[in-house]
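Engineer: In the UniProt record's numbering, the protein residues as written are 1 to 303. Every residue gets a Cβ at the ideal spot worked out from N, C-alpha and C, and that includes glycine. Here the structure is a predicted model, which means the values were calculated and not measured.
(1) Output the distance between the C-alpha atoms of residue 26 and residue 246, rounded to the nearest integer angstrom.
(2) Helix, strand or coil, according to DSSP, for residue 101 in the structure here?
(3) Alpha carbon to alpha carbon, how far is residue 303 from residue 244?
(4) Quick check on residue 62: does DSSP put it in helix, strand or coil?
(5) Could you give the residue range of the alpha helix (DSSP H) that holds residue 293?
(6) Checking 8 Å against the spacing of the C-beta atoms, do residue 42 and residue 86 come in under that value?
(7) For residue 214, collect the residues of the same chain with a Cβ closer than 6 Å to its Cβ; drop the 5 residues on either side in sequence, then sort them by chain order.
(8) Run through DSSP, which three-state label would residue 120 get?
(9) Quick check on this structure: which residue in 201, 164, 190 and 293 has the alpha carbon closest to the alpha carbon of residue 273?
(10) Is the beta carbon of residue 210 sitting closer than 8 Å to the one on residue 248?
(11) Just checking my contact of residue 184 with residue 194 at CB under 8 Å: how many whole Å lie between their CB atoms?
(12) Alpha carbon to alpha carbon, how far is residue 264 from residue 158? Give it in angstroms, no decimals.
(13) In or out: residue 125 buried (at least 16 other Cβ within 10 Å) or exposed?
(14) Which partner residues does residue 130 have in the DSSP bridge list?
(15) State the beta-bridge partners of residue 57 as determined by DSSP.
(16) Could you give the C-beta distance for residue 55 and residue 88, rounded to a whole number, given that I count them as a contact under 8 Å?
(17) With 16 other CB atoms within 10 Å as the buried threshold, where does residue 201 fall?
(18) Which residue from 40, 57, 97 and 17 puts its Cα closest to that of residue 77?
(19) Please go through the same chain and pick out, in chain order, the residues whose beta-carbon is closer than 8 Å to the beta-carbon of residue 15, but skip the five residues on each side of it.
(20) With H, G and I counted as helix, E and B as strand and the rest as coil, what does DSSP make of residue 83?
(21) For residue 130 versus residue 71, is the C-beta distance shorter than 8 Å?
(22) Evaluate residue 133 with the Cβ neighbour count: other Cβ atoms within 10 Å of its Cβ, from every protein chain shown; 16 or more gives buried, anything less gives exposed.
(23) Please list, in chain order, all residues of the same chain as residue 120 whose beta carbon is under 7 Å from its beta carbon, the five residues on each side excluded.
(24) According to DSSP, which residues form a beta bridge with residue 47?
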């Protein structure tokens, strides 16, 4: 459920950031009035963390643009009614002005949807590759202005990384709840394993981390709600919560012992589902890079 909601939000965010009144009315309204889906098409076979390496192109022809290229790991790819597509429109420009963002209706001729990928976790997610072959998009579907696509795509993450972080917090909380329940029920040496210091300390660290991640995520969301630049806090929340979800899920499996390795118990699925939080919408390593740059930038600006 969280994956479906967040994938929609990720596609909506560029429209929220740069859409004009007509675009917002048309595409936001469609999602509110009917059970429709959207997808964010930026990642490519050779362009994941390095978005600037994207090779999908859009060429202006009259009052339209012709898009060619391939995207991969597109969540909601097979069920989306429309896509946000980032395409290179000026091969001679720097990354900051070489790309343009487009809203592309999924029923436009020339779009081919690949097979549904079977991933490690979050297997309910409809993740596919999308190929664009001479896909004609009207000029009215350009988001912002030509050349602003990269900035729009990056600004969207300020809105979407806090929701990803809170999803990771939710997963961590579920894993913690399952581990705590099991630790109170499972007995060794005549006592619940929760009373053994080794397990008790694990539960204590899990509980502390969850609360810290939750509050950091609320801070990131508060900053964007106040209209302030939240890039650093959004990356902090996403990095910390994503890493925490993996740590808590792994510890939950450990507390379950052999049972945690079995599909009859929920923690093995949580363990698999957690991994993507360190990958999508920017890996944990990319978040650290962003945070570091923001810290240094603020140091230079502060008196």
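Structural biologist: With the given structure in hand:
(1) Taking the first residue of the chain shown as position 1, residue 26 is located at position 26. Taking the first residue of the chain shown as position 1, residue 246 is located at position 246. Their backbone Cα atoms lie some 39 Å apart in a straight line.
(2) Against the chain shown, residue 101 aligns to sequence position 101. Strand at residue 101.
(3) Position 303 of the chain shown, counted from the first residue, corresponds to residue 303. Position 244 of the chain shown, counted from the first residue, corresponds to residue 244. Note on residue 303: pLDDT 49, under 50, position unreliable in the model; the coordinate value appears next. Rounded to whole angstroms, residue 303 to residue 244 spans 34 Å at the Cα level.
(4) As a position in the chain shown, residue 62 is number 62, starting the count at 1. Correct three-state label for residue 62: coil.
(5) Counted from its first residue, the chain shown places residue 293 at position 293. Its alpha helix (DSSP H) spans residues 284 to 301.
(6) Here residue 42 corresponds to residue number 42 of the chain shown, with the count starting at 1. Here residue 86 corresponds to residue number 86 of the chain shown, with the count starting at 1. With contacts defined by Cβ atoms closer than 8 Å, residue 42 and residue 86 form a contacting pair.
(7) The residue given as residue 214 occupies position 214 in the chain shown. Result list for residue 214: 169, in chain order.
(8) Within the chain shown, numbered from 1, the residue matching residue 120 stands at position 120. In the structure shown, residue 120 sits in coil (DSSP, three-state: anything other than H, G, I, E or B).
(9) Here residue 273 refers to the residue found at position 273 when the chain shown is read from its first residue. Distances from the alpha-carbon of residue 273 to those of 201, 164, 190 and 293 put 164 closest.
(10) Numbered from its first residue, the chain shown carries residue 210 at position 210. Numbered from its first residue, the chain shown carries residue 248 at position 248. The answer is yes: Cβ separation under 8 Å.
(11) Locating residue 184 in the chain shown gives position 184, where the first residue counts as 1. Locating residue 194 in the chain shown gives position 194, where the first residue counts as 1. About 5 Å separates the CB atoms of residue 184 and residue 194; that is less than 8 Å, so the two are in contact.
(12) What you label residue 158 is simply residue 158 of the chain shown in a count that begins at 1. What you label residue 264 is simply residue 264 of the chain shown in a count that begins at 1. So the two alpha carbons sit approximately 38 Å from each other.
(13) Sequence index remark: in the chain shown, residue 125 carries index 125 (1-based). So residue 125 ends up on the buried side.
(14) Taking the first residue of the chain shown as position 1, residue 130 is located at position 130. Residue pairing for residue 130: DSSP places it in a beta bridge opposite 71 and 113.
(15) As a position in the chain shown, residue 57 is number 57, starting the count at 1. Answer by DSSP bridge pairing, in chain order: 68 and 88.
(16) By 1-based counting over the chain shown, the position of residue 55 is 55. By 1-based counting over the chain shown, the position of residue 88 is 88. About 7 Å separates the two Cβ atoms, so the contact holds.
(17) The count along the chain shown starts at 1 and reaches residue 201 at position 201. Residue environment: residue 201 is assigned as exposed (fewer than 16 neighbouring CB atoms within 10 Å of its CB, all protein chains considered).
(18) Taking the chain shown and counting its residues from 1, one reaches residue 77 at position 77. Per the Cα distances, 40.
(19) In the chain shown, residue 15 corresponds to position 15, counting from 1. Hits under 8 Å: 23, 24, 27, 28, 84, 103 and 143.
(20) To locate residue 83, count along the chain shown from 1; it is residue 83. Here residue 83 sits in strand by DSSP.
(21) Working through the chain shown from its first residue, we reach residue 130 at position 130. Working through the chain shown from its first residue, we reach residue 71 at position 71. Yes.
(22) By one-based count along the chain shown, residue 133 stands at place 133. That one is exposed.
(23) Residue 120 sits at position 120 when you count from the first residue of the chain shown. Same-chain partners within the cutoff: 272 and 275.
(24) The sequence position of residue 47 within the chain shown is 47, counting from 1. Beta-bridge partners assigned by DSSP to residue 47: 44.
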